[in-house]
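Q:
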Ligand SMILES: *Cc1c(COP(=O)(O)O)cnc(C)c1O
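Residue numbers (this note's numbering): 6 to 351.
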């Protein structure tokens with residue numbers, strides 16, 4: 006059903022295989038992959054001398070139980086950034102096809118498109134940061150992938166569900182729904198639409214609410230035809246053994262994650278209220294994520310002054326549709342209060 010959208014050279018790829026695939030009995034002498042039989046020099050020589058499972062089955066089984074998505078509908082990547090790159094390489098013929106981005110948007114979509122020599126068609130969000138559904142459905146020639154993000158980075162709002170439903174029913178290409186911040190939102194995940202739509206890919210990540218940005222692990226949920234293509238295109242050992250081990254450990258700690266999501270939402274409300282009281286703050290956009298976008302008088306200079314005080318925030322002043330806006334991550338109570346104190350001094 007999506008095969009006509011796939012680049013011809015990708016359709017004919019064969020899955021990566023190892024001697025493990027030929028395994029019939031219990032084998033404990035592993036002499037197929039030129040690994041070091043003595044172990045590794047660290048952690049009591051135990052862990053890392055063997056190549057990791059290329060399809061990360063143990064990790065996927067655990068994720069499956071939490072997300073309610075079957076393992077064969079899950080792809081794991083070196084961050085969701087890898088999933089974005091792999092999708093561009095599967096569907097977009099360089100120098101020929103395009104992807105659609107709805108700015109203000111996460112900058113990685115455009116960067117990765119350019120690296121792959123894929124053209125970018127911008128269909129900006131409307132003034133209220135909702136999707137321009139009519140323009141998207143018209144689908145410009147050659148557009149194979151549509152990148153959506155909910156809650157959206159950097160605006161912080163969630164999409165309207167009925168907008169996405171209309172797009173899914175009418176857009177004749179791949180719809181990527183980036184849910185990097187879904188844990189902070191009250192809106193349910195679009196993974197619920199997987200059984201009904203062959204062309205949706207939902208992205209989530211361990212980098213934000215899970216507190217594991219350093220491990221570089223992202224998830225994609227999609228139809229088996231898309232997942233199989235993604236597995237054929239990724240580097241065979243894209244998730245290293247340490248990342249797989251620590252993700253499995255983390256999946257046992259859902260309550261820690263949930264507590265900190267609740268704490269972040271509390272701090273977000275507190276921070277937004279305080280921000281609105283500050284004289285140089287012109288507007289605070291509502292946020293379903295762990296950051297807020299705020300329009301601030303003379304934002305460029307405020308940004309520089311904050312840096313001098315040792316505070317880094319996201320500078321969106323020079324991005325289209327974000328004039329004079331700073332994008333601020335919700336920190337700890339102490340960090341937020343220090344930032345508010347500094348902003349109050351302007
Ligand atoms: C942070 C973020 C990601 C996460 O990328 P990883 O590669 O998984 O760390 C994805 N999409 C958006 C919009 C983000 O803001």
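Glycine is no exception: its CB is placed at the ideal position from the N, C-alpha and C atoms.
Does residue 28 come out as helix, strand or coil in the three-state DSSP assignment?
A: Here residue 28 refers to the residue found at position 23 of the chain shown. Assignment of residue 28 by DSSP, reduced to helix, strand and coil, places it in the coil class.
Q: According to the Cβ coordinates, are residue 141 and residue 151 closer than 8 Å?
A: Residue numbering aside, residue 141 sits at position 136 when the chain shown is read from its first letter. Residue numbering aside, residue 151 sits at position 146 when the chain shown is read from its first letter. Their beta carbons are under 8 Å apart, which means residue 141 touches residue 151 by this criterion.
Q: Measuring alpha carbon to alpha carbon, tell me which of 342, 260, 309, 281 ends up nearest residue 216.
A: Translated into positions along the chain shown, residue 216 becomes position 211. Taking only the C-alpha atoms, the option nearest residue 216 is 260.
Q: Please classify residue 311: is it buried, with 16 or more other beta-carbons within 10 angstroms of its beta-carbon, or exposed?
A: Numbered from 1 along the chain shown, position 306 holds the residue referred to as residue 311. When all chains shown are included, residue 311 counts as buried.
Q: List, from N- to C-terminal side, the alpha helix (DSSP H) runs of 4 residues or more that fit wholly inside the segment 196-245.
A: 229-238
Q: Going by DSSP, which residues form a beta bridge with residue 82?
A: On the chain shown, residue 82 is found 77 positions in, with the first residue counted as 1. Note: residue 82 sits in a beta bridge opposite 223.
Q: Does any heavy atom of ligand 1 sit closer than 7 Å to the C-beta of residue 251?
A: By one-based count along the chain shown, residue 251 stands at place 246. Result no, Cβ not under 7 Å from ligand 1.
Q: Using alpha carbons as the reference points, say which of 252, 349, 295, 262 lies closest to residue 4.
A: There is no way to answer for residue 4, as the model of the chain reaches only from 6 to 351.
Q: Taking 8 Å as the threshold, find out whether the segment 41-48 comes into contact with the segment 255-272 through three or more Cβ pairs.
A: The segment 41-48, when compared against the segment 255-272, does not touch it at the 8 Å Cβ threshold.
Q: Among 99, 34, 334, which one has its Cα closest to the Cα of residue 276?
A: To locate residue 276, count along the chain shown from 1; it is residue 271. The shortest Cα separation from residue 276 among 99, 34, 334 belongs to 334.
Q: For ligand 1, is there a heavy atom less than 7 Å away from the beta-carbon of residue 185?
A: Sequence index remark: in the chain shown, residue 185 carries index 180 (1-based). Answer for residue 185: yes, Cβ within range of ligand 1.
Q: May I ask you to report which of helix, strand or coil DSSP gives residue 257?
A: The residue you call residue 257 lines up with position 252 of the chain shown. The three-state secondary structure of residue 257, taken from DSSP, is coil.
Q: If we count Cβ pairs, one from each stretch, closer than 8 Å, do we get three or more for the segment 237-247 versus the segment 271-289?
A: no
Q: Assess contact between the segment 52-61 and the segment 187-204, defined as three or more Cβ pairs (one per stretch) separated by less than 8 Å. Is contact present?
A: no
Q: Is residue 85 near residue 76, with beta carbons less than 8 Å apart?
A: As a first step, residue 85 is located in the chain shown; it is residue number 80 there, counting from the start. As a first step, residue 76 is located in the chain shown; it is residue number 71 there, counting from the start. In this structure, residue 76 does not lie closer than 8 Å to residue 85 by Cβ.
Q: Would you check whether ligand 1 has a heavy atom nearer than 7 Å to the C-beta of residue 26?
A: Start at 1 with the first residue of the chain shown, and residue 26 comes out as number 21. Incorrect: residue 26 has no Cβ contact closer than 7 Å to ligand 1.
Q: Taking the alpha carbon of residue 54 as the reference point, which residue from 323, 236, 206, 39 has its own alpha carbon closest?
A: Position 49 of the chain shown, counting from 1, holds the residue named residue 54. When only C-alpha atoms are compared, the closest one is 39.
Q: Determine, using beta-carbon pairs with one atom in the segment 313-322 and one in the segment 275-291, whether at least three such pairs fall under 8 Å.
A: no
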